[in-house]
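From first to last, the protein sequence lines stand for chains D and A. Per our numbering, residue 14 is the first one in the first sequence, and the count goes up by one each step. Per our numbering, residue 657 is the first one in the second sequence, and the count goes up by one each step. Here is the structure we will look at, set down as structure tokens.
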Amino acid sequence: MSQEALMTFAGYGKFFLTLFIFIMFYGYAYSIYKRQKTGERDFEKYSNLVLNDSLDSPPLEPRDRK
Amino acid sequence: MQSNAQLEYDYSVVKLFTFATILFGIIGMTIGVIIAFQLAFPELSNLAGEYGTFSRLRPLHTNGVAFGFTLSGIFATWYYVGQRTLKMSLKESKFLMTVAKLHFWLYFITILLAVVTLILGYTTSKEYAELEWPLDLLVVVWWVLWGVSMFGMIGLRRERAIYVSIWYYMSSFLAVAMLYLFNNMEVPTFFWSGDAPSSLMHSISMYSGTNDALVQWWYGHNAVAFVFTTPIIAIIYYFLPKESGQPIFSYKLSVLAFWGLMFVYLWAGGHHLLYSTVPDWMQTMGSAMSVVLILPSWGSAINMLLTMKGEWQQLQTSPLIKFMILASTFYMLSTIEGPIQAIKSVNAIAHFTDWIPGHVHDGTLGWVGFMIIASLYHMAPRIYKRELYSKKLMDTQFWLQTTGIVLYFTSMWIAGITQGMMWRAYDDYGSLLYSFIDTVEVLHPYYTLRGIGGLFYLIGFFMFAFNMYKTATSGRVLDKEPANASPMA
């Protein structure tokens, strides 16, 4: 493959990769807002991870440590 | 495993890194002020022979503030934020505690060696990657130790959900590991030079020409991304909500801005190589990605400003909130300025001019510096269990440093654009109107102003160091940990 062909190939490759990432990203954004709206998951509660961060306060979502 | 009731967070490593942040801040910023005045008054370059020249001191300044001051601040906050949001204590694991301490000491020794070797003139000559190969190997060791402690702490957490700040710290760890390894691929010439004389400390890059430039700026720009941006966002996402007692305006936006930043940042480095020999599409991509970067950057910054919704009176009463809100504002300023400079036609004027260090410094002094200072102030009453020594001093520091930053970037804006326009000016016959020395003469007052701005910031930093020292040694002892606003006398 010539240098020029390789560069062109890389350029198109980058374009389609960007397009793919664009679709993935906006798909993810839509899913987050949909899940929040339907009540499937409350993302906003995670702010409390900072506000209640003393070792005595109960975890927001406890994890079994075995 | 101990029960929660007996446990408390361990801040011994936080304290060590806090000390390093202040020490390397003083060294790096003092040298910065010296070289700023050297540019205005070149005779200052001759004060200490070869060891005092601009070319020796400049890498010492950049490495000192980026890898000394900033990284120490990042590590200090990591061991604080990490334990608290994961709800685990380093006291629970002897192994992790040993790793964390080893992380600190190896890091500290490396940065001290960096100071010595750079001043002796050992350098790879790659910007922000000047450290020679033996030091690079040391960096790899403590970076891996940081990773072990990070993922070890995550593995021991009580809290299943991982807070967004931790995501940002993780991205910083992973990205810098990749960038550092690839950009510092080098051949120590001593072992392969045969009979030709070669220093044990010398190496050459494994890449050459355009490839070297591409890898270098893929690294260089992402050092800005993953040392000056993502970990500092991690810091603000913890310390602003905590100090103000307000939940983040939108947690969803913080997550989206995270992924946006991850997707886009790694492609933006090409804007350092506009009008060079790298393929044209890469230059265009570098410009385009830089402009797109405005979205995730402003996503985080606006999210922080809106976190203060309904609580703006705190800006009047708390110097700590002032530091953080102004930091967020400077983040917005530098992330709109950077993309503007990355546009090809603007870059034709901006490239190689003083507008570039102007841009870098409104980001580093305003955003990075202020956030690290604010986070250390917030941590101090919790780690030393004492009230902050002086609110008045903190306020004075804030205004002095803010004035310093404004002097710095406005003088560099004017200097840079003047310089860019003069370099390009030509007469009816196509001859250049000015020689290089003409621009130097015009720029002298702005260089002096920049030095004064830097000096203001440095004096403010000494006030900060004094305030922290007095807090740790003679602040009023607190009987319980403050929940939100940091107590100050």
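A virtual CB, placed ideally from N, CA and C, is assigned to each residue, including glycine.
Chain A within 8 Å of residue i, Cβ atoms only
| i | result |
| --- | --- |
| Ile-36 (chain D) | no |
| Leu-73 (chain D) | yes |
| Ala-42 (chain D) | yes |
| Ser-15 (chain D) | no |
| Gly-24 (chain D) | yes |
| Glu-57 (chain D) | yes |
| Leu-62 (chain D) | yes |
| Arg-78 (chain D) | yes |
| Lys-27 (chain D) | yes |
| Leu-32 (chain D) | no |
Three-state class that DSSP yields for residue i in the structure shown
| i | result |
| --- | --- |
| Glu-842 (chain A) | strand |
| Pro-715 (chain A) | helix |
| Ile-999 (chain A) | coil |
| Met-1144 (chain A) | strand |
| Glu-53 (chain D) | coil |
| Glu-786 (chain A) | coil |
| Val-1133 (chain A) | strand |
| Gly-967 (chain A) | Looking at the sequence provided, one finds Glu at residue 967 (chain A) rather than Gly. The answer is coil: DSSP assigns Glu-967 (chain A) none of H, G, I, E or B. |
| Glu-815 (chain A) | strand |
| Ser-946 (chain A) | helix |
| Ile-860 (chain A) | strand |
| Pro-698 (chain A) | helix |
| Pro-1138 (chain A) | coil |
| Pro-952 (chain A) | helix |
| Pro-1013 (chain A) | helix |
| Gln-658 (chain A) | The predicted position of Gln-658 (chain A) is uncertain, since its pLDDT is 49 and thus under 50; no value can be drawn from it. |
| Pro-975 (chain A) | helix |
Close beta carbons around residue i, own chain, < 7 Å, minus the five adjacent residues each side
| i | result |
| --- | --- |
| Leu-912 (chain A) | Gly-955 |
| Pro-975 (chain A) | Lys-1047, Met-1050, Asp-1051, Phe-1054 |
| Ser-984 (chain A) | Ile-892, Ala-957, Met-960, Leu-961 |
| Leu-19 (chain D) | none |
| Asp-868 (chain A) | Ser-861 |
| Leu-909 (chain A) | Gly-955, Asn-959 |
| Gly-684 (chain A) | His-717, Gly-720, Val-721, Gly-724, Phe-725 |
| Ile-1029 (chain A) | Phe-979, Phe-1120 |
| Tyr-707 (chain A) | Ile-775 |
| Phe-895 (chain A) | Met-980, Ala-1030, Ser-1031, His-1034 |
| Gln-1075 (chain A) | Thr-1009, Asp-1010, Thr-1095, Leu-1099 |
Chain D contact for residue i (CB, 8 Å cutoff)
| i | result |
| --- | --- |
| Ile-687 (chain A) | no |
| Pro-903 (chain A) | yes |
| Glu-899 (chain A) | no |
| Gly-916 (chain A) | yes |
| Glu-815 (chain A) | yes |
| Pro-1143 (chain A) | no |
| Tyr-819 (chain A) | yes |
| Trp-937 (chain A) | yes |
| Phe-751 (chain A) | no |
| Met-941 (chain A) | yes |
| Ser-861 (chain A) | no |
| Glu-967 (chain A) | no |
| Lys-908 (chain A) | yes |
| Ser-745 (chain A) | yes |
| Glu-664 (chain A) | yes |
| Leu-812 (chain A) | yes |
| Tyr-1040 (chain A) | no |
| Val-670 (chain A) | no |
| Gln-658 (chain A) | Confidence in Gln-658 (chain A) is poor, its pLDDT being 49 and thus under 50, which makes the residue's placement unreliable; the coordinate value appears in the next sentence. No - not a single Cβ of chain D is within 8 Å of the one on Gln-658 (chain A). |
Same chain, Cβ closer than 8 Å to residue i, neighbours up to 5 away in sequence not counted
| i | result |
| --- | --- |
| Ala-1071 (chain A) | Thr-1009, Asp-1010, Trp-1011, Gly-1014, Leu-1099, Tyr-1102, Tyr-1103, Arg-1106 |
Cβ neighbours of residue i in the same chain (closer than 6 Å, five flanking residues each side left out)
| i | result |
| --- | --- |
| Pro-71 (chain D) | none |
| Gly-26 (chain D) | none |
| Val-832 (chain A) | Phe-882 |
| Tyr-667 (chain A) | Ile-1039 |
Taking 8 Å as the cut-off, does the stretch 947-967 of chain A touch the stretch 855-864 of chain A (at least 3 CB pairs, one atom from each stretch)? no
Going along the chain, which unbroken runs of the beta strand (DSSP E) with 3 or more residues stay wholly within the stretch 1036-1115 of chain A? none
Taking 8 Å as the threshold, find out whether the stretch 847-856 of chain A comes into contact with the stretch 870-881 of chain A through three or more Cβ pairs. no
Does the stretch 735-744 of chain A come into contact with the stretch 797-813 of chain A, if we say contact requires no fewer than three beta-carbon pairs (one atom in each stretch) closer than 8 Å? yes
Contact the stretch 787-802 of chain A vs the stretch 839-848 of chain A: 3+ CB pairs below 8 Å: yes
Is it true that the stretch 1058-1078 of chain A meets the stretch 751-767 of chain A, where meeting means three or more beta-carbon pairs spaced less than 8 Å apart? no
On the three-pair Cβ rule with 8 Å, is the stretch 986-1005 of chain A touching the stretch 862-871 of chain A? Counting C-beta pairs closer than 8 Å gives fewer than three between the stretch 986-1005 of chain A and the stretch 862-871 of chain A, which falls short of the contact rule.
How do the stretch 926-938 of chain A and the stretch 895-915 of chain A stand: do at least 3 beta-carbon pairs fall below 8 Å, yes or no? The stretch 926-938 of chain A is not in contact with the stretch 895-915 of chain A.
Should the stretch 683-690 of chain A be called in touch with the stretch 712-724 of chain A, which here means at least 3 C-beta pairs below 8 Å? yes
Completely contained beta strand (DSSP E) runs for the stretch 854-901 of chain A, where each covers 3 or more residues: 859-861
At least 3 beta-carbon pairs within less than 8 Å: the stretch 985-998 of chain A vs the stretch 1073-1091 of chain A: no
Segment contact flag, the stretch 813-820 of chain A with the stretch 63-77 of chain D, C-beta cutoff 8 Å, min 3 pairs: yes
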